[in-house]
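Below is one structure, written out as structure tokens, with a few remarks after it.
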Amino acid sequence: MSHNLPADLRYTKSHEWVRQNPDGTVTIGITDHAQHALGDIVFAETPEVGRELAAGDACAVVESVKAASDVYAPVAGRVVAGNGALGDAPEKINTDPYGDGWLWQLAPADAAALGGLLDAGGYEKVLAESAE
Amino acid sequence: MHASTGAPAAPREPTIFELSRPGRRAEAQMPPRPTSNAVPESLRRRRRPMLPEVSELQAVRHYTRLSQLNFSIDTHFYPLGSCTMKYNPRGCNQYAMLPEFLARHPLAPESQGQGFLACMYELQEMLKEVTGMRGVSLTPMAGAQGEFAGVAMIRAYHHARGDHARNEIIVPEAAHGTNPATATMCGMKVIEIPVNADGDCDIEALRKVVGPRTAGIMLTNPSTLGVFERGIAHLRALVHDAGGLLYYDGANLNAILGKVRPGDMGFDVIHMNLHKTFSTPHGGGGPGAGAVGVGERLLPYLPIPVVGRDGERYRYLDERDLPASIGRLSGFMGNAGVLLRAYIYMRMVGREGMQRIGEFATLNANYLLARFKQEGFDPAYPHRRATHEFILTMKHAARDLGTTAMDFAKRLLDFGYHAPTTYFPLLVPECLLIEPTETEAKEALDGFVEAMVAIRKEATEDPARLKGAPYTLPVRRLDDVRAAKNLDLTWKPLA
Amino acid sequence: MAFIPHTSDDVREMLDAIGVGSIEDLFDEIPAALRCKPLDGIPPAASEMQIGRLMSERAALDGRPLNFIGAGAYEHHIPAAVWAITTRGEIYTAYTPYQAEASQGTLQTIYEFQTMMATLTGMNVSNASLYDGASALAEACLMAVRANRRSKSSRILMPRAVNPTWRKCVHAIADNQGLVFEEVPFDPASGQTVIDALAAYEGQDITAVVMQQPNFFGVLEDVDRATDWAHAHSALAIAAVNPTSLALLKPPGEWGEHGVDIAVGDGQPFGVPLSSGGPYFGFMTTRMEHVRQMPGRIVGRTLDLDGRPGYTLTLQAREQHIRRGKATSNICTNQGLLMTAATIYLAIVGAEGLERVAAASMERTAGLVAALETVPGVKAAFSGTRFHEALLRLDRPVGPVLEALARRGIAGGYDASRDYPELGHALLVCATETKTGADLEAFATALRAVLA
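Residue numbers (the numbering used here), protein chains in the order written: chain F, 1 to 132; chain B, 133 to 627; chain D, 628 to 1079.
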């Protein structure tokens, strides 16, 4: 099974993706695999702007009819934006998980922490293992 | 057995609000309007609530018609696994609704309640006997509240011993979702352990997680997988030796009624679902009753009130009698009217009948399972005896035909059978959890098997037919995504 | 064999199909050491005729006293149609409506109920019921902790004038999650909660403020000020209300400038018999913005495959069967049958009937207080405006007085002195629309005789 895993992103075992922005912030969302597993998404809740997150904090929720999933902060930092457009159109997470379906943006406390995340190949391995 | 096809849809029953006309009312049901209104101006309601204005006949007809859109035990075979949809004897309802019982205020003096309290006391005694526990409190209002009481008692027990480190509750992954939800509600941390391929708890996994932080373990036995937990004695020793307590989720008590008692298995606390095992009605989603039973160690912590007896007189035991109680879980003593129904049921079934319940519930489940095996369906645990329920997995149909367990469930409705429980427990793919109960006759079971066989034939010949089911009910399959996205939770008049 | 249909031929055929010799063989996976002995503590089976006789005798022991007790459960007229319909098998013996297509009756009833409770309380959304009023208040407090993201303290201000049993229940349920409750006093002259006492919490992190309307003493509270205080201090406002009173009183959704955040109560007055304390049902309504924090089942209207409207359980991702340890509550089974009775009750009495019931009850209680105050040794305790209950002070301990009244066939009220020792010999009485002038006189006459 092939996965849609853009090579320019970083990933977590808990199925978040992270994009580094030119201004030093990062954008975070859930992977194509995760949105598939959840099914039609009906609601998303993003963290409040200004909130300080520790790595691994459950800070967002993505909900389908049959499941609700916490989304975790991949790295520590301060929330600088949430994707307000998801309020009216949570299905963007299904249709464009790496684009319009982003969840929130973060100013990382330590940019080096990003180095500890998975690359596309590493995440693909995680998916392959869990499929067994 | 013929499923009708494409019958014309019945006209939609409008909401009661659409039947409303300004000024219409059921005059016989209201007192005359008083002349005074002593409510201070600042606290008065300014706009009337939008309640319907209908005649008594309109209301009666509307809700009677709505009732006719339901499946129920009284109208359909209802093999809903883990729910024990057995016959609810009408006599239980009639005698629980005697006018004196209905009119009795919960705070009326005990001298004006000796009849009611005698029933409650005897019910406690009978529940102690069938479960092998030392004390019973009837107050929890549903299974989930019984679970809450149970975990709260475990917590109180450890705290009373000065042991505040025990904040973990172990739950098998197959457990009902209420178990972990309850543990969280009690401020506990949930530790899940796996079950092995035969459906028994993974003892090695348990051994790894028990320890000085273990408050207790929550178990259903027979488990939600429809099999008896054979390692129970071993499991008990492991948890007790580590200082934890054992909690019995009584969801499946019907299977072992009169055969095995949770107290004899070594459980410290249990809740019973009186609306399952003791046949009080489900009422379209309650009321339930989740009485709890405890062993010696947890006696002081029972939720209050409990009914006690001083000589010939019955009275409530409260904070003064049980100062270490976990307290009150309801405004009075829980779902008293439900408890009366359970009492009447137990008296009608009696000593020997109680044992036959477990026997015939098990006979019916094993017969159904045998018939399904004969017809080539796949049990999830083919090498195990069924208890009062069992699981079929439809994974082969899903893989080969693209028809899911849900498609079978929906098509069964067209054949006049309520669907089994679908997609629970989560760890068996495409599962149907089937519980026939002891009150169904062999003919009903045979009919159900025939319907499943016919549906499987349809699935091979025309899978799309299943995907579109049901066809003969008041509505076809509903759009759950739309329901959750465009929330329409109250009726609003057209502007 | 009570309720078991099997003939001996059936049993033989079934055992043959399974391939075992006896029913006993089906239990061969259960360790022999665990098998139980005969259940000698259970009486032998009784026929319906026998049990009917026994229950009738037991009911007769309870009698039918003339009831003047309220204190959280209220005797109102129940139209005969309510329970004639509610006990139809299609309602009484249905399960939770998980199979929506086979449960449209139950689901539409819940949708109508949600609409009725929302309009009565002046809020946006309602759930499909909770267990009872006391546990609903506990759930409201837990919900406030989840919903008030600005507060980290889990501290809730709880007036002493809130039903004392409800407060105990809230403690039993919510203390486990570390909630802290601060008691707000009442004014001994008026019986109203002292809103000025909230000033003691200025500048502190408070999660929510609870107000009961009317309060346990039947006295009407200054709910506007309390609600505004809560909102001015980043706290949520929780209303606990008597549902009948909502026909006359400003609904929680209109308290203060912005209305409350969560409203709860016990729905028993809507068509549910007193029945020794249950089954009743709790209700909960809230604002749309908090709907995902609300516990309990919720029904939504949607469309089916053919585009026709239909009803289904929705927002289930909040619930235990999906969220497990992270659910909003562990509640699953609620009080569906009682919710059904209440919906039918409200459909029949309507806004006009409910207003009359509320106003008549208020008037009867005023009449009762006037009648009882003519008895030497009896005085009304509070000056605040009452709804349909009143706290009286007697010149002697209440317990023996109630026992003496019971012997005269009168359930004369609730002895509040244990819950409120500071009030002395306190008796809480209630008269609803069910009581006639002659009933009030009978109570006064009996009390005069008892106190003489």
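Backbone N, C-alpha and C fix where the C-beta goes; we use that ideal spot for every residue, glycine too. Note that the structure is a prediction, hence the values are computed from the model and not measured.
Verify whether the separation of the beta carbon atoms of residue i and residue j is less than 8 Å.
i	j	result
F/Gly99	F/Thr46	no
B/Asn386	B/Thr352	no
D/Ala719	B/Met217	Here the sequence assigns Tyr to residue 719 of chain D, which means Ala is not the residue at that position. No, the Cβ-Cβ distance between D/Tyr719 and B/Met217 is not below 8 Å.
B/Gly485	D/Ala672	yes
B/Gly469	D/Pro841	no
D/Ala767	D/Cys796	no
B/Gly247	D/Leu693	no
D/Ile678	B/Ile476	yes
D/Asp888	D/Ala763	no
D/Val772	D/Leu825	no
D/Pro786	D/Thr820	yes
B/Leu249	D/Leu901	no
B/Tyr219	B/Val283	no
D/Leu965	D/Phe910	no
B/Met404	B/Gly382	yes
B/Ala591	B/Thr535	yes
Suppose the cutoff is 6 Å on Cβ atoms and the five residues either side in sequence are ignored; what does the same chain contact list for residue i look like?
i	result
B/Pro326	Glu305, Asp334 and Ala337
D/Met921	Asn754 and Thr913
D/Ile737	Ala755 and Val926
F/Asp110	none
B/Met258	Met478
D/Ser778	Asp832 and Thr834
Classify residue i: buried if its beta carbon has 16 or more other beta carbons within 10 angstroms, exposed otherwise.
i	result
D/Asp643	exposed
D/Pro896	buried
D/Arg935	exposed
D/Pro879	buried
D/Val846	buried
B/Asp400	buried
D/Glu656	exposed
D/Thr1001	exposed
Who are residue i's beta bridge partners in DSSP?
i	result
F/Lys66	Paired residues: none, contrary to the question.
B/His403	B/Asp381 and B/Val424
D/Ser730	B/Asn202
D/Leu876	B/Arg176
D/Asn694	D/Ala1038
D/Glu809	D/Leu784
F/Thr27	F/Arg19 and F/Gln105
D/Leu1021	D/Val1005
B/Ser269	B/Val424
B/Lys321	B/Glu300
D/Asp931	B/Leu610
F/Tyr11	F/Trp17 and F/Leu118
Ignore the nearest five residues each way along the sequence and tell me which others in residue i's own chain have a CB closer than 7 Å to its CB.
i	result
B/Met133	Any reading at B/Met133 must be qualified, since the residue scores a pLDDT of 37, below 50, and its modelled position is unreliable; no value is offered.
B/Ala292	Ala456
B/Ala493	Asn386, Ala387, His520, Thr569 and Glu570
B/Phe410	Ala474, Tyr477 and Met478
Short of 8 Å in beta carbon distance, which residues of its chain neighbour residue i, apart from the five on each side in sequence? Order them along the chain.
i	result
F/Ile41	Gln35, Val62, Glu63, Ser64, Pro90, Glu91, Ile93 and Asn94
B/Val303	Asn311, Pro312, Ala315, Val322, Ile323, Glu324, Ile325, Ile349 and Met350
D/Leu653	Ile645 and Val647
B/Arg447	Glu242, Leu249, Val439, Gly440 and Arg441
B/Cys215	Lys408, His414, Thr553 and Glu567
Determine contact between the region 638–657 of chain D and the region 493–503 of chain B, defined as no fewer than three beta-carbon pairs at a distance below 8 Å.
A contact between stretches requires three or more CB pairs, one per stretch, nearer than 8 Å, and the region 638–657 of chain D meets this requirement with the region 493–503 of chain B.
Would you call the region 354–371 of chain B and the region 662–669 of chain D touching, i.e. three or more CB-CB distances under 8 Å?
no
For the region 415–422 of chain B against the region 386–395 of chain B, do three or more pairs of beta-carbon atoms, one drawn from each stretch, fall closer than 8 Å, so that the two count as touching?
no
Closer than 8 Å is the cut-off here; do at least three beta carbon pairs connect the region 704–714 of chain D with the region 190–210 of chain B?
yes
Quick check: the region 150–161 of chain B against the region 933–947 of chain D, are there 3 or more CB pairs under 8 Å?
Because the criterion of three Cβ pairs below 8 Å is not met, the region 150–161 of chain B and the region 933–947 of chain D do not touch.
Name, going along the chain, the residues of the region 27–50 of chain F whose beta-carbon falls closer than 8 Å to a beta-carbon of chain E.
Of the chains in the structure shown, none is chain E; the protein chains are F, B and D.
Contact between the region 972–989 of chain D and the region 1048–1056 of chain D: three or more CB pairs below 8 Å?
Between the region 972–989 of chain D and the region 1048–1056 of chain D, the count of Cβ pairs shorter than 8 Å is below three; the stretches do not touch.
Cβ contact check for the region 275–295 of chain B and the region 419–439 of chain B: 3 or more pairs under 8 Å
yes
Between the region 994–1004 of chain D and the region 1065–1073 of chain D, are three or more C-beta pairs nearer than 8 Å?
The answer is yes - the region 1065–1073 of chain D touches the region 994–1004 of chain D, with three or more Cβ pairs under 8 Å.
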